[in-house]
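Notes to accompany the following structure.
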Amino acid sequence: MRAAVLAQLRTVAGVQRVADGAGAKAAAVPHVTLRDIATTDWSTKDRAGREARVGVTVRDEHAQPARIEGIAGAVEAALLALPRDLPGWRVVTVVPVRCAVLGEGTARWAAMVDVRVRMLEQED
(Lines of atoms letter the chains of each structure in order from A and count residues from 1; the text may use other names and numbers.)
(Lines give C-alpha, C1' and ligand atoms only; values in the text may rest on other atoms or scores of the structure.)
Protein backbone atom coordinates (compact mmCIF):
# COMPACT_ATOMS: atom_id res chain seq x y z
CA MET A 1 0.00 0.00 0.00
CA ARG A 2 2.82 2.40 0.82
CA ALA A 3 4.18 2.22 -2.74
CA ALA A 4 0.71 2.90 -4.17
CA VAL A 5 0.21 5.91 -1.89
CA LEU A 6 3.62 7.35 -2.80
CA ALA A 7 2.87 6.85 -6.51
CA GLN A 8 -0.41 8.75 -6.11
CA LEU A 9 1.31 11.59 -4.23
CA ARG A 10 3.85 11.94 -7.03
CA THR A 11 1.00 12.82 -9.42
CA VAL A 12 0.09 16.01 -7.51
CA ALA A 13 0.94 19.11 -9.54
CA GLY A 14 3.03 21.84 -7.94
CA VAL A 15 4.78 19.62 -5.39
CA GLN A 16 8.58 19.91 -5.41
CA ARG A 17 9.27 16.68 -3.53
CA VAL A 18 7.49 13.66 -2.07
CA ALA A 19 9.18 12.23 1.02
CA ASP A 20 8.61 8.83 2.61
CA GLY A 21 8.53 9.14 6.37
CA ALA A 22 8.54 11.95 8.89
CA GLY A 23 12.34 11.89 9.27
CA ALA A 24 12.97 12.46 5.56
CA LYS A 25 14.63 15.72 4.60
CA ALA A 26 12.59 17.80 2.19
CA ALA A 27 13.96 21.32 1.85
CA ALA A 28 12.22 22.41 -1.35
CA VAL A 29 8.70 23.75 -0.85
CA PRO A 30 5.98 22.96 -1.30
CA HIS A 31 6.68 19.36 -0.34
CA VAL A 32 4.64 16.37 0.78
CA THR A 33 5.56 13.78 3.41
CA LEU A 34 3.83 10.43 3.86
CA ARG A 35 3.74 10.30 7.67
CA ASP A 36 2.38 6.94 8.61
CA ILE A 37 0.01 4.15 7.72
CA ALA A 38 -1.62 2.68 10.81
CA THR A 39 -3.72 -0.46 10.32
CA THR A 40 -6.29 -2.34 12.38
CA ASP A 41 -8.31 -5.47 11.78
CA TRP A 42 -11.33 -5.16 9.47
CA SER A 43 -11.92 -8.85 8.76
CA THR A 44 -15.22 -10.53 7.94
CA LYS A 45 -16.32 -14.07 8.80
CA ASP A 46 -14.59 -15.53 5.80
CA ARG A 47 -12.01 -12.95 4.64
CA ALA A 48 -9.13 -11.08 6.18
CA GLY A 49 -9.47 -7.33 6.10
CA ARG A 50 -7.58 -4.23 7.19
CA GLU A 51 -8.55 -0.66 7.92
CA ALA A 52 -5.68 1.74 7.30
CA ARG A 53 -5.29 5.37 8.31
CA VAL A 54 -3.01 7.13 5.86
CA GLY A 55 -1.46 10.40 7.04
CA VAL A 56 0.18 13.00 4.78
CA THR A 57 1.70 16.38 5.65
CA VAL A 58 2.10 19.19 3.13
CA ARG A 59 4.52 22.05 3.92
CA ASP A 60 4.79 25.39 2.15
CA GLU A 61 6.28 28.85 2.56
CA HIS A 62 4.04 31.45 0.97
CA ALA A 63 2.49 34.73 2.08
CA GLN A 64 -1.07 33.38 1.94
CA PRO A 65 -2.52 29.91 2.60
CA ALA A 66 -4.33 29.69 -0.76
CA ARG A 67 -1.54 27.71 -2.46
CA ILE A 68 -1.25 25.09 0.28
CA GLU A 69 -5.04 24.80 0.48
CA GLY A 70 -5.09 23.95 -3.23
CA ILE A 71 -2.27 21.44 -2.89
CA ALA A 72 -3.91 19.84 0.16
CA GLY A 73 -7.11 19.42 -1.84
CA ALA A 74 -5.15 17.84 -4.69
CA VAL A 75 -3.38 15.50 -2.23
CA GLU A 76 -6.74 14.43 -0.81
CA ALA A 77 -8.10 13.83 -4.32
CA ALA A 78 -5.02 11.75 -5.21
CA LEU A 79 -5.46 9.62 -2.09
CA LEU A 80 -9.17 9.14 -2.78
CA ALA A 81 -8.19 7.86 -6.25
CA LEU A 82 -5.96 5.07 -4.90
CA PRO A 83 -6.02 2.00 -7.17
CA ARG A 84 -8.66 -0.49 -6.04
CA ASP A 85 -6.38 -3.47 -6.64
CA LEU A 86 -3.25 -3.64 -4.50
CA PRO A 87 -0.98 -6.71 -4.24
CA GLY A 88 -3.05 -9.24 -2.29
CA TRP A 89 -5.80 -6.75 -1.39
CA ARG A 90 -8.96 -5.22 -2.83
CA VAL A 91 -9.67 -1.66 -1.67
CA VAL A 92 -13.34 -1.40 -0.69
CA THR A 93 -13.55 2.25 0.40
CA VAL A 94 -11.34 5.32 0.70
CA VAL A 95 -12.87 8.22 2.64
CA PRO A 96 -11.48 11.55 3.84
CA VAL A 97 -10.93 11.88 7.58
CA ARG A 98 -9.13 15.24 7.93
CA CYS A 99 -7.84 18.10 5.82
CA ALA A 100 -6.59 20.97 7.97
CA VAL A 101 -4.26 23.90 7.19
CA LEU A 102 -2.23 25.33 10.06
CA GLY A 103 -0.04 28.42 10.24
CA GLU A 104 3.48 27.70 11.49
CA GLY A 105 4.83 31.24 11.64
CA THR A 106 5.31 34.05 9.18
CA ALA A 107 4.54 32.72 5.69
CA ARG A 108 4.95 29.08 6.80
CA TRP A 109 2.10 26.61 6.48
CA ALA A 110 1.39 22.95 7.11
CA ALA A 111 -1.59 20.92 5.96
CA MET A 112 -2.57 17.59 7.48
CA VAL A 113 -4.44 15.26 5.12
CA ASP A 114 -5.71 11.91 6.41
CA VAL A 115 -7.84 9.25 4.75
CA ARG A 116 -9.27 5.92 5.87
CA VAL A 117 -8.79 2.94 3.56
CA ARG A 118 -10.74 -0.28 4.07
CA MET A 119 -9.63 -3.35 2.17
CA LEU A 120 -10.24 -7.08 1.98
CA GLU A 121 -7.78 -9.80 1.14
CA GLN A 122 -8.07 -10.85 -2.50
CA GLU A 123 -9.36 -14.33 -3.10
CA ASP A 124 -7.21 -16.58 -5.29
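With UniProt numbering as the guide, the letters of the sequence shown map in order to residues 1 to 124. Note that CB positions come from ideal geometry on N, CA and C, so glycine has one too.
By the C-beta density criterion, E76 is buried, having at least 16 other C-beta atoms within 10 angstroms. Looking at R90, L79, H62, A111, the one whose alpha-carbon comes closest to that of T11 is L79. Non-local beta-carbon contacts of R84 in its own chain, meaning distances under 7 Å to residues more than five positions away in sequence, involve R90, V91 in chain order. Listed in chain order, the alpha helix (DSSP H) runs fully inside the segment 57-94 are 66-80, counting runs of at least 4 residues.
Within the same chain, Cβ atoms closer than 6 Å to the Cβ of A52 are found at I37, T39, V117, the five residues on either side in sequence being excluded. The C-beta separation of V15 from I71 comes to about 7 Å, placing the pair in contact by the 8 Å criterion.
For A48, the three-state secondary structure derived from DSSP is coil. The continuous beta strand (DSSP E) containing V117 extends over residues 108-121. Spanning the alpha carbons of C99 and T57 requires a straight line of approximately 10 Å. The beta carbon of G88 sits closer than 8 Å to those of E121, Q122, all from its chain and outside the five residues before and after it, given in chain order.
As the crow flies, the alpha-carbon of A48 is around 8 Å from that of D41.
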